[in-house]
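In what follows, a single structure is set out as structure tokens and then discussed.
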Amino acid sequence: MKFLVLAFLLLSTFLLAGCAQSQPQPTSTPTPFPSTLTQPTAIPTPVPTADAIERAIRDKLANATFSQTGMDSIEKAIRAKLG
């Protein structure tokens, strides 16, 4: 009986010692990410000014050809907007 208890204690000691050695050891400090891995900055989209928009509309209208009914509908739409 003493032999079985002694064998059990000896076996459990070796098993516990083996389990303790197989666990990973914690590192002292985690390695930080390099500073080059930052979020990319958004490139601002230029907002056109009112003058640039007006210039673009005049250029398009100067190079466009309209029928008389098309011109009449454009004139009616402009007059309706102006009141």
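Sequential numbering from 0 applies to the sequence shown in numbering that gives the first Met the number 0. Built from N, CA and C at the ideal position, the CB exists for glycine as well. Since this is a predicted model, take the numbers as computed values, not measurements.
TODO: Compute the Euclidean distance between the alpha carbons of threonine 40 and proline 47, then round it to the nearest angstrom.
DONE: Taking the first residue of the sequence shown as 1, we reach residue 40 at position 41. Taking the first residue of the sequence shown as 1, we reach residue 47 at position 48. Each residue's alpha carbon lies about 21 Å from the other.
Open item on the list: On the DSSP letters alone, give me the boundaries of the alpha helix (DSSP H) that arginine 73 sits inside.
Closed with: Counting from 1 along the sequence shown, the entry for residue 73 is found at position 74. Position check: residue 73 holds isoleucine in this sequence, whereas arginine was assumed. Run containing isoleucine 73: 67-81, per the alpha helix (DSSP H) assignment.
Open item on the list: Given this structure, state the Cα-to-Cα distance separating aspartate 58 from isoleucine 73, to the nearest angstrom.
Closed with: Counting from one through the sequence shown, the residue named residue 58 turns up at place 59. Counting from one through the sequence shown, the residue named residue 73 turns up at place 74. Going by the C-alpha atoms only, they are around 16 Å apart.
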